[in-house]
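What follows is a single structure, written as structure tokens, with notes after it.
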Amino acid sequence: MRERGLVSAGDPARIQAVLAKARRGEPLCVAAIGGSITAGGRATKDPARRYVQQVAAWFEKSFPGLKIRFVNAGIGATNSGYGALRVQRDVIAHQPDLVVVEYAVNDFGGGVMDESYEGVLRQLLRSSPNCAFIELFFMHKDGKSAQEGQVALGRHYGLPMLSFRDAVWPELQAGAITWETLYDDVVHPNDAGHDIASELLCGFLASALAKLPNDDRALPAFAPVPAPLKGDTYERCVLLRGADFKPVSSNGWTCATSGAWECGSAGGRFEYEVAGQILLLGRNIPAAAKGCVELIVDGGAPQPLLHDGHNLPVAKGLTPGLHRVAVIVRPFEGGEADKVQIWWGGAAGLCSIRAAEALAEPAGAPPGPLDAQGELVVSICTKGEFRAPGDLKGMRTLAEAAHRHGFPVTWIVKPFTVREAAAELREWHERFADEVAWFSEGTPLNKAEAELNELRELVTWQKVVSAGHTKYDQSWAALYERLEIESVWGRCYEQTDADHICDRGSPHGFYYLRPSNYKAPRVEPGGVVSAPWLSNDPNLIFWSGFQSSFTFDPDDPIIMGFLGAGRTEYWRALVDQYGKQTRYNNLVPLIVQQEYASPILQQSLPPMDDLFAYFKQKGIKVVPLAEAVSRYKKAVGSLTPPTYGVYESLGHLDIVRNPLPGRHFTLELVSKPLATTDQGAPFNGYYTTRWDKPAGKRFYYHPEGKKFYEHGKLFVYYDRNGLILFDEGTAKPVRISSYLEIPEGKTGFDVLPEMSHFFDTAQYIPDVEVKREAAGGALMIRIAIEPFRTNVAAAKRLPYGVMVWGDFSAYRLPAGLPEGAAIVGDQGLFVPFVLQVDNPVQWSVTLRKE
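In this note's numbering, the protein residues as written are 576 to 1425.
As structure tokens, then:
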């Protein structure tokens, strides 16, 4: 029976990750969402016999001492349409580790529900990379269910699927067991029926546990969530319960103590606004009011609203945007108890329900806090060319480190290297999806095209569309475009030793924030994507001034002495920090870089092995650079999008503050303002002394003379106008890098910490005053920015922004704000500006609660 009940084991990665978590003794949450079968109803006499409770009990028995929670989110007489509206609140909000989805009975016979069922699955899959899901199929007495369509979706997403129907139907047909043995009625399993369902679930988990690798580092990687099979309309839904429903008008309606809105026999009109493409309405219409209730959408023709089908759409195929919905009850003959009720309102497809006090605002307002629910994508890159016989050994060593975890490597090389390692590179491509990119650095511009053609002729097994170059100017950017190079890994950044890179650069501005070198975007579509050399810790680098020490290149952290075998806590914390940025961005790339010819390659292998195991444990996708760039383009569109980052201190400031002997720099805090020799500007902050230049000191600006270990979060905003940084609690930027102009003699107008001993930065970043005024449920933010004064570089425009720190997650923004304005999670409200020289700014915005 158990074998018949296994429809598919699915992709084992998520289930094994949950079991590995249980093996480590970490607390788990088991949840189930579905209809009355999951809820148990009257059919199960003992709540402990319900299948979700029995699954939780299996974990407790299999892993003694494990702390386990279970969430039973079954609601009777509901299908996946209502499930898609409530899965965020009733399941995802509990942060489950394992979810059972049961809608095969209630999704059958009520219209095609495949799209709403897919919406439930997609919301769950995107909620956490570490959560596992199992589809469970029950049946009606006649054996019918929605299993067939739901199986197709389960196969598409690689989910485990178990069928109660397939397990017991042959026994029922043969007369070996009777329906009454397992069911109390035509649809609800009794205690014995739930026992069989739990045997299917627990048996599947036990089988998966038996196959669990002994070492977590051998766990399989998670597959990315594929594109929708039926549609993604139900992936973004809204649900508003009756008590929270604030209608535009409610003549004849009252909100009862039960939370439902009610209308008696005298009739009335209930009106609200909602943005969405599909509308649903939870309701109860008594027999006395039959034929007396109508629905009108956007002033159209009245449509009868029936008692049945309250889990089905009341309107479909609507245009995106705001819609006015009216529920009209004509007078009917009925008793005091005969009430038309509205329990909830819902919509699917980029939607939000608006309260009456916000109606004056234009349609199309964005939601409250940013909630991109994006994806973290990792690429492992290495560059070099053979200089010694041992270099091939280094390539093999690095390849083994990545391939042990099934991860591909992007090899950024010249033709000579490909000729020497052709067999290995082709094998690695076929087995692990490794890719070759062109290392164009060091090649004269007039010989570059010939070199790329030679490389492409050697690499017959793939299309070479990526290049690597430490620093390149506009001439190289134009050449890359002509040669159909899609991305350049390295330093296509605005910097003092690059030749006017501002006028070309990258059209996308790969999501990579480095405190002294930034990518310069361009405003026209097309061009190459500037991929980062490697990812780093923007917070600590900004405050310490050291570009190479706090990165995902293991060499410098190992030399500094805080990364090594068994010491990778900092890297893990940094991975988690990058993962948090997916709250604010559709896709966040992370680059790991290790040169295969590094003299300390062997020392870097243990921490890299731990890092790669952590990627697998967290379910983070690792892809070649070309795929990362392709995914990035699809996620952000054709132009540089607004990008947001909130970087916290990871608690490793003692590394900089108290360097140990042998580390390659020391740091001293400045106790009082200094006068620099160049401009005589006052300087507050600290300075560093490098081991290779003991006689020289390098100064780093510090706002208000604060000690650098007193800093908190760093908020970073980036778009095609520039890059702006904020210290926690400060509305005024602490740093601005502009891409708006190319001032004469400069590569761009930068206000940098490193430049504070050339210029008094305070006079180039205008001050700002922020006032908050609360009135009822609204909050007005008033912003006053002082005039921007021209600087020695003669810039006439300046990208600027104001960060109002605080938790605004209960509010939403009105329409019509500058592009990039956003409530950044629960961190603060950000508003970008472009300042004109000598012009002050007076600006205000009113926020209203959701």
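Don't be surprised by glycine CBs; every beta carbon is placed ideally from N, CA and C. Predicted model, so just to flag it, every value in this text is computed and none were measured.
Cβ-based neighbour list, Ile-1133, same chain, cut-off 8 Å, excluding 5 preceding and 5 following: Gly-1139, Ile-1175, Gln-1178, Ser-1179 and Pro-1182
Residue of Asp-665, Glu-1348, Arg-1357 and Tyr-657 minimising C-alpha distance to Asp-689: Tyr-657
Euclidean distance between Cα positions of Gln-916 and Asp-586: 44 Å
7 Å CB neighbourhood of Lys-1288 in its chain, flanking five on each side removed: The beta carbon of Lys-1288 is closer than 7 Å to those of Val-1221, Tyr-1222, Glu-1223 and Glu-1303 in its chain, skipping five residues each way along the sequence.
Residues near Lys-1209 by beta carbon distance below 7 Å, same chain, minus five either side: none
Span separating the alpha-carbon of Thr-894 from that of Ala-923: 12 Å
Local conformation of Ile-1398 per DSSP, three classes: Ile-1398 sits in a strand when the DSSP states are folded into three classes.
Complete runs of the beta strand (DSSP E) confined to the region 987-1068 [at least 3 residues]: 1010-1014, 1041-1044 and 1062-1065
For His-898, three-class secondary structure by DSSP: strand
Beta strand (DSSP E) segments (min. 3 residues) lying fully within the region 659-692: 673-677
N-terminal and C-terminal residue of the alpha helix (DSSP H) that Trp-1146 is part of: Taken as a continuous stretch (DSSP letters only), the alpha helix (DSSP H) holding Trp-1146 covers 1144-1155.
Rounded distance between the beta-carbons of Val-676 and Ile-643, thought under 8 Å: With a Cβ gap of about 19 Å, Ile-643 and Val-676 do not count as contacting.
Between the CA atoms of Arg-1001 and Trp-1036 - distance to the nearest angstrom: Answer to the nearest angstrom: the Cα atoms are 7 Å apart.
Trp-1418 - containing alpha helix (DSSP H), residue span: Trp-1418 -> not in any alpha helix (DSSP H); beta strand (DSSP E) instead, spanning 1416-1424.
Residues near Lys-719 by beta carbon distance below 7 Å, same chain, minus five either side: Phe-683
Per DSSP, cross-strand counterpart(s) of Asp-1294: Partner(s): Gly-1297.
DSSP-derived helix/strand/coil call for Ala-1350: Looking at Ala-1350 - three-state DSSP - the assignment turns out to be strand.
Identified DSSP bridge partners for Leu-854: Partner(s): Ala-890 and Ala-922.
Beta carbon of Leu-775 nearer than 8 Å to that of Val-630: Taking C-beta atoms as the reference points, Leu-775 and Val-630 fail to come closer than 8 Å.
Limits of the alpha helix (DSSP H) - the one that Lys-1191 falls within: 1176-1193
Where Cys-777 falls: helix, strand or coil (DSSP): helix
Beta-carbon proximity list for Asp-1382, same chain, < 6 Å, skipping 5 on both sides: Asp-1401
Three-pair Cβ contact test at 8 Å for the region 741-756 versus the region 608-616: no
Reduced DSSP secondary structure (H/G/I, E/B, other) of Tyr-1410: Reading off the sequence shown, one finds Leu at residue 1410, where the question assumed Tyr. Strand at Leu-1410.
Where Ile-752 falls: helix, strand or coil (DSSP): coil
As assigned by DSSP and simplified to three states, the class of Glu-869: strand
C-beta atoms of Leu-1200 and Ser-1062 nearer than 8 Å: yes
The region 1351-1366 / the region 1292-1301 touching (three or more Cβ pairs under 8 Å): Judged by pairs of C-beta atoms under 8 Å, the region 1351-1366 does not touch the region 1292-1301, as fewer than three such pairs exist.
Three-way DSSP call (helix, strand, coil) for Ala-595 in this model: When DSSP states are grouped into helix, strand and coil, Ala-595 belongs to the helix group.
Residue closest to Leu-804, alpha-carbon to alpha-carbon, out of Lys-1155, Gly-733 and Ala-863: Gly-733
Segment contact, 8 Å Cβ cut-off, at least three pairs: the region 782-800 with the region 863-882: No, they do not touch.
From Pro-1107, Lys-620 and Arg-792, residue whose alpha carbon lies closest to that of Val-1163: Pro-1107
8 Å Cβ cutoff met for Ile-955 and Val-1167: Val-1167 sits close to Ile-955, with the two beta carbons spaced by under 8 Å.
His-669 beta carbon less than 8 Å from that of Val-646: yes
Nearest candidate by alpha-carbon position, reference Glu-975, set Ala-1025, Phe-1187 and Ala-864: Of the candidates Ala-1025, Phe-1187 and Ala-864, the one whose C-alpha sits nearest the C-alpha of Glu-975 is Phe-1187.
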